[in-house]
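Participant: Residue numbers (our numbering): -8 to 264.
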Amino acid sequence: MAHPPVTGGLAAYVGFGTWVDVFDWTNQWTNNNPTVGPADADRMASLGVQTVYIQAARSDGPNGVAEPDRLNAIIQRAHAHGIRVVVWYLPTLTDVNADLSRLLAIAGLGVEGVAVDIESRDVSDPNDRSARLVDLSNRLRAALPGRTIGAIVFPPTGMEVINPSYWPGFPWAGIASDYDVWLPMAYWTGRDPNSGWHDGYKYVVDNVQRTRNDLHNPAAPVHPIGGIADKATTAEVADMVRAVAATASIGGSLYDYRTTTPDMWPAMRPLRR
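Structure, rendered in structure tokens:
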């Protein structure tokens, strides 16, 4: 029998996750040809997935939740299997009020968590971008007391070692108290094979360690995201799973659901908690 969805706390971010974006599940961004729907929640359950992270709004879409009827059908099917749901949104920071409005709208869905995808450089000046991120994060936290909010962060190894010009002066201190869990996008497949970072173990470990160091919190809850699935090998995914264990991360996942190959799912089952 499916157990009821877990509510509150870090539970939603613990264990084995998978990711779905609007280019998979909506009609608007797939030319009315979505590849992910409620039936995929059945498949996720059979694969052992514990949390689905689903993009619930976009800056160039409606002011609130994207296609709420379709989205709620997916959420309800996931919950019927005891799968937890975290909804996420990528703010551009060009209009902080609009970003906050969308985040509050998706937070109002009947889900276990809400997360902010922090990577946009639409605001070109890094100091202004950082100030806007701090403003958004502070206001989001104030508006959602008691809710567990995740920060999906651009990988600190990428920002600090590989491409320091990406976001110089990233405001870790300014947002540290606004988020409960940190989800670095540790996509090793985007790293040059000759760099030493194209490594499912090394890149994930380094990003988890840097995230905690930047937060000045060695016990910070971290859930690294590996990938990108269709460019990774199953051996690399297994290395990522080892890295999750080695860093005492609270869980792990691979971006994204649609591109994860059949042989990768068994390799990720040890992520279950």
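Glycine is no exception: its CB is placed at the ideal position from the N, C-alpha and C atoms.
Measure the C-alpha to C-alpha separation of P53 and I97 and round it to an integer number of angstroms.
Facilitator: Within the sequence shown, residue 53 is the residue found at index 62, counting from 1. Within the sequence shown, residue 97 is the residue found at index 106, counting from 1. Taking the straight line joining both Cα atoms gives about 12 Å.
Participant: Closest to L131 by C-alpha separation, out of Y170, D116 and P155, would be which residue?
Facilitator: Along the sequence shown, read from residue 1 onward, the residue named residue 131 stands at position 140. Comparing Cα-Cα distances from L131 to each of Y170, D116 and P155, the minimum goes to Y170.
Participant: Quick one: is P257 buried, meaning 16 or more other Cβ sit within 10 Å of its Cβ, or exposed?
Facilitator: Reading the sequence shown from its first residue, position 266 is the one you call residue 257. With fewer than 16 Cβ atoms within 10 Å of its Cβ, P257 is classed as exposed.
Participant: Give me the Cα-Cα distance between S186 and I109, rounded to the nearest whole angstrom.
Facilitator: Here residue 186 is taken as the residue at index 195 of the sequence shown, counted from 1. Here residue 109 is taken as the residue at index 118 of the sequence shown, counted from 1. Whole-angstrom Cα-Cα distance: 24 Å.
Participant: Does the segment 154 to 163 touch the segment 186 to 198, meaning 3 or more C-beta pairs lie closer than 8 Å?
Facilitator: no
Participant: If we ignore side chains and look at the alpha-carbon of each, how far apart do W267 and S240 end up?
Facilitator: Since the first residue shown for the chain is -8 and the last is 264, residue 267 is missing from the structure and cannot be characterised.
Participant: Report all residues from its chain with a CB closer than 7 Å to the CB of P117; omit the five preceding and five following residues, and keep chain order.
Facilitator: One-based indexing of the sequence shown puts residue 117 at position 126. Same-chain partners within the cutoff: W158, P159 and G160.
Participant: Quick check on DSSP: helix, strand or coil for P175?
Facilitator: The residue given as residue 175 occupies position 184 in the sequence shown. Looking at P175 - three-state DSSP - the assignment turns out to be strand.
Participant: For the beta strand (DSSP E) that Q19 lies in, which residues bound it at each end?
Facilitator: As a position in the sequence shown, residue 19 is number 28, starting the count at 1. No beta strand (DSSP E) contains Q19, which DSSP labels as neither H nor E.
Participant: Helix, strand or coil, according to DSSP, for W256 in the structure here?
Facilitator: Taking the sequence shown and counting its residues from 1, the one referred to as residue 256 is at position 265. Reduced to three states, the DSSP call for W256 is helix.
Participant: Might you give, ordered along the chain, the residues of its own chain that have their beta carbon closer than 6 Å to the beta carbon of E227, omitting 5 neighbours on each side?
Facilitator: Along the sequence shown, one-based indexing puts residue 227 at 236. Result list for E227: G191, in chain order.
Participant: Hey, out of L100, R201 and R49, whose CA is closest to W163's CA?
Facilitator: Position 172 of the sequence shown, counting from 1, holds the residue named residue 163. It is R201 whose Cα lies nearest to the Cα of W163.
Participant: One question on the structure: do R49 and L91 come within less than 9 Å of each other, judged by their Cβ atoms?
Facilitator: Position 58 of the sequence shown, counted from the start, is the residue given in the question as residue 49. Position 100 of the sequence shown, counted from the start, is the residue given in the question as residue 91. No, these two residues do not count as a Cβ contact at 9 Å.
Participant: Going by the beta-carbon positions, is the gap between L84 and L127 smaller than 9 Å?
Facilitator: Here residue 84 is taken as the residue at index 93 of the sequence shown, counted from 1. Here residue 127 is taken as the residue at index 136 of the sequence shown, counted from 1. Yes, Cβ-Cβ distance for L84 and L127 is below 9 Å.
Participant: Given that a residue counts as buried once 16 or more other Cβ atoms are within 10 Å of its Cβ, and exposed if not, what is P25?
Facilitator: Reading the sequence shown from its first residue, position 34 is the one you call residue 25. Here P25 is buried: its Cβ has 16 or more other Cβ atoms, across all protein chains shown, within 10 Å.
Participant: Whole angstroms are fine: how far does the CA of P184 sit from the CA of G99?
Facilitator: Along the sequence shown, one-based indexing puts residue 99 at 108. Along the sequence shown, one-based indexing puts residue 184 at 193. Each residue's Cα considered, the two are about 42 Å apart.
Participant: In whole angstroms, what is the alpha-carbon distance linking V152 and G243?
Facilitator: Residue numbering aside, residue 152 sits at position 161 when the sequence shown is read from its first letter. Residue numbering aside, residue 243 sits at position 252 when the sequence shown is read from its first letter. Cα to Cα, the separation comes out at about 23 Å.
Participant: Taking the Cβ atom as the reference point for each residue, do G165 and N129 lie within a distance shorter than 9 Å?
Facilitator: For the purposes of this step, residue 165 is taken as residue 174 along the sequence shown, with counting starting at 1. For the purposes of this step, residue 129 is taken as residue 138 along the sequence shown, with counting starting at 1. Taking 9 Å as the Cβ cut-off, G165 and N129 qualify as a contacting pair.
Participant: Specify, as a first and last residue, the run of the beta strand (DSSP E) that D108 falls within.
Facilitator: Indexing the sequence shown from 1 puts residue 108 at position 117. Run containing D108: G104 to I109, per the beta strand (DSSP E) assignment.
Participant: Is it right to say S121 is buried, meaning 16 or more other beta carbons lie within 10 angstroms of its own, or is it exposed?
Facilitator: Here residue 121 refers to the residue found at position 130 of the sequence shown. S121 is buried by the Cβ-count criterion.
Participant: Taking the C-alpha atoms as reference points, what is the distance between M231 and G217?
Facilitator: On the sequence shown, position 240 is the one that residue 231 refers to. On the sequence shown, position 226 is the one that residue 217 refers to. Each residue's Cα considered, the two are about 7 Å apart.
Participant: Whose C-alpha, out of P215, G181, S168 and I219, is nearest the C-alpha of N208?
Facilitator: By one-based count along the sequence shown, residue 208 stands at place 217. Taking each of P215, G181, S168 and I219 in turn and checking the Cα distance to N208, the smallest one comes out for S168.
Participant: Hey, A142 and V107 are a contact pair by Cβ (cut 8 Å); roughly how many whole angstroms apart?
Facilitator: Numbered from 1 along the sequence shown, position 151 holds the residue referred to as residue 142. Numbered from 1 along the sequence shown, position 116 holds the residue referred to as residue 107. So it is a contact: roughly 6 Å between Cβ atoms.
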